[in-house]
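Peer 1: Taking our numbering, the leading residue of the sequence shown gets 1144, the next gets one more, and so forth. Before we start, here is the structure in question, set down as structure tokens.
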Amino acid sequence: MENSKFFRMSFFVWVCFCSQVQAFEPFQAKTSEQAAEMNFCGQGKFLIFIGNCRPDLKNKGEISQAACNDAALLLEQGIKSLYPYSSVLSYQDLDSDHVYDKMMRPLVWGFFFIGRGNFKAGFLTGEKAPVYPQAEACTSMYDAFGGFFSHSRFSPDAPAPRSLRGKTLSKYEILYGDTGAIPGSWTKLCKPRMSMVYQSKTLAVNIKTAVKKLVEGLQEAKRTQIMKILPEICKNCEEYAQMQHPAAVLCPPNSEICKYGKILPGQEKLALENYCLAIHPEYAVHGQ
């Protein structure tokens, strides 16, 4: 996790690789609120499961194969951009037991379902039973969950009400932690830091929009984390420059981020891409 203790350790590792040692002012301890930050620099994996994307005859606009493929591609690109040291693995139409097996493997930071669903939050995939929320499958600390299928907000014990089962306007929302989550739902059981879930049926034409909203939410979370640690980076710019520390790219004259104490328009990409090198300088040393 991106905490002060680990930042001090990372800097010490960087010093060990350098020929000269400079004094460095230690960071202050993080608050409990910051301790739950997302693992943007972790070396884990994200799982994308594409299920049944064939539209039902009664709801032809609910889903399509093209909508699933486009959403999966956009999601993969967004996650890779925000989590540069994690991998994104995509699976097509796995049976439910294989889905659970993949989820229960170590270092899974997030999982996403794209396809058709039923009113009990069953994700339709493979030839067997739908994938329903299972507490046993929640074996990691998750940053993100995306339920891009109909009624993913709900659960078998608390199914979608009849008012949301018809051809209603597509309704989706972002949840944080398990606050406001339905009992027995994926969000309640796995407690991801951020979830995108559907209350109603999906609508093929706007699934990409829901994916964009989730990626934008994660991007804002990363920007917030950068701003919390930016003062600590900036007050050590002189030492960074002398030691050619990766964080020096955020300091003058390389950028104006430290000069103004905020991420300026046009320099967001620089900040997002170099944040992990700033707190994990050993990544640069090992060429990761």
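Glycine included, every Cβ here is placed at the ideal spot set by N, Cα and C.
(1) Would you mind working out which of Y1426, L1267 and N1182 sits nearest D1286, comparing C-alpha positions?
(2) When you compare each of F1297, P1396, S1295 and V1348 to Q1208 by their alpha carbons, which one comes out closest?
(3) Given 8 Å as the limit, is there contact between the stretch 1332-1352 and the stretch 1293-1311, that is, 3 or more CB pairs closer than that?
(4) In three-state terms, what does DSSP make of Y1226?
(5) Just list the residues that DSSP pairs F1183 with in beta bridges.
(6) Return the CA-CA distance between Y1315 and A1353, expressed in angstroms with no decimal places.
(7) Rank H1241, S1229 and V1392 by C-alpha distance to the C-alpha of L1250 and give the top, closest one.
(8) Do you know how far the Cα of C1394 is from the Cα of E1381?
(9) Express the C-alpha separation of K1365 and I1400 in angstroms, rounding to a whole number.
(10) Please determine, among E1205, G1269, D1199 and K1351, the residue with the shortest C-alpha to C-alpha distance to S1239.
(11) When burial is assigned at 16 or more other CB atoms within 10 Å of the CB, is T1282 buried or exposed?
(12) Can you name, in chain order, every residue of its own chain whose Cβ lies under 7 Å from the Cβ of K1245, other than the five neighbours on each side?
(13) Just reading off the beta strand (DSSP E) that A1132 is part of, what are its end residues?
(14) So, are the CB atoms of V1261 and P1273 less than 9 Å apart?
(15) Measure the CB-CB distance between S1295 and W1252 and report whether it falls below 9 Å.
(16) Are the CB atoms of C1184 and Y1426 within a distance shorter than 9 Å?
Peer 2: Here's the rundown:
(1) Position 143 of the sequence shown, counting from 1, holds the residue named residue 1286. Per the Cα distances, N1182.
(2) By 1-based counting over the sequence shown, the position of residue 1208 is 65. Proximity to Q1208 across F1297, P1396, S1295 and V1348 peaks at V1348, based on C-alpha coordinates.
(3) Segments in contact, yes.
(4) As a position in the sequence shown, residue 1226 is number 83, starting the count at 1. The answer is coil: DSSP assigns Y1226 none of H, G, I, E or B.
(5) As a working note, residue 1183 is residue 40 in the sequence shown. DSSP lists no beta-bridge partner residue for F1183.
(6) Here residue 1315 corresponds to residue number 172 of the sequence shown, with the count starting at 1. Here residue 1353 corresponds to residue number 210 of the sequence shown, with the count starting at 1. Between the alpha carbons of Y1315 and A1353 lies a gap of roughly 7 Å.
(7) Here residue 1250 refers to the residue found at position 107 when the sequence shown is read from its first residue. Selected option, being the one with the closest Cα: S1229.
(8) Locating residue 1381 in the sequence shown gives position 238, where the first residue counts as 1. Locating residue 1394 in the sequence shown gives position 251, where the first residue counts as 1. Whole-angstrom Cα-Cα distance: 9 Å.
(9) As a first step, residue 1400 is located in the sequence shown; it is residue number 257 there, counting from the start. As a first step, residue 1365 is located in the sequence shown; it is residue number 222 there, counting from the start. If I take the Cα positions, the gap works out to 16 Å.
(10) By 1-based counting over the sequence shown, the position of residue 1239 is 96. Among E1205, G1269, D1199 and K1351, the Cα nearest to that of S1239 belongs to G1269.
(11) Position 139 of the sequence shown, counted from the first residue, corresponds to residue 1282. Using a 10 angstroms sphere on the CB of T1282, the tally of other CB atoms stays under 16, which defines it as exposed.
(12) Numbered from its first residue, the sequence shown carries residue 1245 at position 102. Only residues of its own chain outside the window of five on either side were considered, and among them L1190 and Y1234 have a CB closer than 7 Å to the CB of K1245, listed in chain order.
(13) Given a span of 1144 to 1431 for the chain in the structure shown, any question on residue 1132 remains unanswerable.
(14) Within the sequence shown, the letter at position 118 stands for residue 1261. Within the sequence shown, the letter at position 130 stands for residue 1273. Correcting the residue type first, residue 1261 is Asn in the shown sequence and not Val. In contact: N1261 and P1273 (Cβ atoms closer than 9 Å).
(15) Taking the sequence shown and counting its residues from 1, one reaches residue 1295 at position 152. Taking the sequence shown and counting its residues from 1, one reaches residue 1252 at position 109. Not in contact: S1295 and W1252 (Cβ atoms no closer than 9 Å).
(16) Walking along the sequence shown from the start, residue 1426 turns up at place 283. Walking along the sequence shown from the start, residue 1184 turns up at place 41. Contact: yes.
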